[in-house]
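This report concerns only the one structure given below.
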Amino acid sequence: MTPATTSTTAPAITVSGLRKSFGDNVVLRGVDLTVQRGEIFALLGANGAGKTTTINVLSTLLRPDAGTATVAGHDVAADAPAVRRTISLTGQFAAVDEILTGRENLELVARLRRVPEPRRVATGLLERFGLTEAADRRSGTYSGGMKRRLDIAMSLVGAPSVVVLDEPTTGLDPQGRLEVWATIRDLADAGTTILLTTQYLDEAEALAHRIAILHGGTIIANGTLAELTALFPPTTVEYVEKKPTLEEIFLAITGSETRES
Amino acid sequence: MFHDTTALTGRLMKQITRSPDTIITVAITPLALFLLFRYVFGGAIAGSGGANYTNYLLPGILLITVASGVAYTALRLYNDRTKGINARLATMPIARSAVLWSHVLTSLVSNLVTAVIIVAAAFAMGLHPHASVGGWLGFVGVLVLFTLTLTWLAVIPGLTASSMEGASAFSYPLIFLPFLSSAFVPTDTMPGPVRWFAQHQPITSVVESMRLFLDGRAPGDDLWVALAWLVGLGALAYALAVRIDRRAHA
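So the sequence lines, in the order shown, correspond to chains A and B.
Read the first sequence against this note's numbering and you will find it ends at 335, with the numbers running on by one and no gaps.
Read the second sequence against this note's numbering and you will find it ends at 1010, with the numbers running on by one and no gaps.
Take a look at the structure:
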């Protein structure tokens, strides 16, 4: 299979009037958003705001009740196979086979995506994610950050043009979190479109080009960090003594290397 | 579809070969039952009629083996579902049916490996088959069909259970069912209602078919009844499992 043909003009993701209920529980009440090619877009919201539901629709896991969604110009309901060739989802839990080694996990995905030379592709990704030394160990023995990196690496097999990450740093220690942030920045630098969900404000602030706030099943704010900041009254300048954050202290005393292997 | 099923079956077979204790664990209880019936109860049950009780027991022991073995299919599916592996596969451009078939084929292979261990033990315990090549094919064919049917049944709790215990609990009644059949003793001496149940439940016809194949005789009606039960239940379980799977990701 060749990568899906994509028209060069369509945005990476469009969502319009998306509605979804589970029984009586209305989760999405008309979500609209557009993600441009090559940007990091953060969907910010509390637990239960509908972030996962939105991206499950985008990755063809759920059918919407109403509204439309497209990925690289392909409609998720009408042309799911084309969407699946374009998009790649990294879910909330590291979906790696813990009995297989890191390399075997990657080669399996490569075979399923019919990528030529699975072994070479796996070797490349292992290296890129700092997992070369751990390549032939069962992934069940990996640390949380390493599992997450393997998980993301598995999503990148076949070079999908749109990568969706559902709460990529939830449950990681500060070290693992920084590792994942670095990975996401590298991906964006290479031209991949990234849609990520997060409940952490600082994560959206640190990574995203644009941020949408999902609340109660609709987007209540959408724009660049500067645009969102402009919605608030002008800042007043005050003198505040800067104390190091606990995270900075933690990282300082536990060592500064950001990649383990 | 074939390509995807092969790749995914390869993954599951690696899980099994890396924890061979699974196959041994599955074999131990049926082997213990086999020894118990053959050497503790066997004398009293078989009497001095001279009939080979090992021959008589083997089919029922194999069915118990399969009934406990398929619980692992439910567990593996439960794990894949709760760890997000099924969701990951559902977002990939692969054949939808390949995921479930990979679990079913893995179950078939691992159960047949366990069955070989049981048959080897049976030979050590004085198994004396009279089956021709055709008879053995029939014997294995019924066992394969029985395994497929039970595995598709196991897929359902694997896809729906909300706990690990729940995923495997379905196999207990299946393991118990052979005791209420002609697997260990003839049904003639059972009291009325129990005898009626034993004579009309699927295990009896399956056991009788396998036993007749093993003795080098043609199973006749028992075989047709067994095939009707297995194909009917298997098709029902398959349809239900596929439907549940579609619902989960649609």
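No residue lacks a Cβ here, since even glycine has one placed at the ideal position from N, Cα and C.
Taking just the CA atoms, how far does I1004 of chain B sit from M761 of chain B? 20 Å
Taking only beta carbons into account, state which residues of the segment 130–146 of chain A come closer than 7 Å to chain B, listed in chain order. S133, T134, L135, R137
Going by beta-carbon coordinates alone, are A891 of chain B and G976 of chain B separated by less than 8 Å? yes
Amino acids of chain B, ordered along the chain, whose beta-carbon sits closer than 7 Å to that of D340 of chain A: The structure shown does not extend to residue 340 of chain A, since chain A is modelled only from 75 to 335, so the question has no answer here.
Output yes or no for whether 8 Å exceeds the beta carbon distance between S941 of chain B and A958 of chain B. yes
Distance between beta carbons of G886 of chain B and T814 of chain B, contact taken as under 8 Å: 5 Å
Closer than 8 Å to chain A by CB, T833 of chain B: no
Which one of A:I129, A:G141, A:G214 has the shortest CA to CA distance from D171 of chain A? A:G214
Counted within 10 angstroms of its Cβ, other Cβ atoms place D98 of chain A as buried (16 or more) or exposed: exposed
Buried or exposed: which applies to S857 of chain B, given that a residue is buried once 16 or more other Cβ atoms fall within 10 Å of its Cβ? exposed
Does the structure place the segment 152–162 of chain A close enough to the segment 191–204 of chain A that three or more beta carbon pairs sit under 8 Å? no
Cutting at 6 Å between CB atoms, please list the residues of its own chain near A859 of chain B, excluding the five before and the five after it. According to the sequence as given, residue 859 of chain B is Val; it is not Ala. Answer for V859 of chain B: L849, listed in chain order.
Residue from B:A787, B:G844, B:G980 with nearest C-alpha to A882 of chain B: B:A787
In chain B, what lies closer than 9 Å to L182 of chain A by C-beta? A767, L768, G770, R771
Can you tell which of A:G119, A:R111, A:T88, A:F96 has the C-alpha that lies nearest to the C-alpha of I294 of chain A? A:G119
Spell out a yes or no on whether the segment 296–315 of chain A and the segment 114–129 of chain A are touching, meaning 3 or more CB-CB pairs, one atom from each, closer than 8 Å. no
If I'm right that D225 of chain A touches A146 of chain A with Cβ under 8 Å, what's the distance once you round it to whole angstroms? Not really, about 23 Å apart at Cβ, beyond 8 Å.
Helix, strand or coil, according to DSSP, for L817 of chain B in the structure here? helix
Measuring alpha carbon to alpha carbon, tell me which residue in A:G124, A:P192, A:S217, A:L239 is nearest L92 of chain A. A:G124
At the level of alpha carbons, what is the spacing between V237 of chain A and T789 of chain B? 48 Å
Using a 10 Å radius around the Cβ and a threshold of 16 neighbouring Cβ atoms, would you call L897 of chain B buried or exposed? exposed
Report all residues from its chain with a CB closer than 6 Å to the CB of D982 of chain B; omit the five preceding and five following residues, and keep chain order. S965, E968, S969
With DSSP as the reference, please indicate the residues paired to R93 of chain A in a beta bridge. A:R103, A:A140
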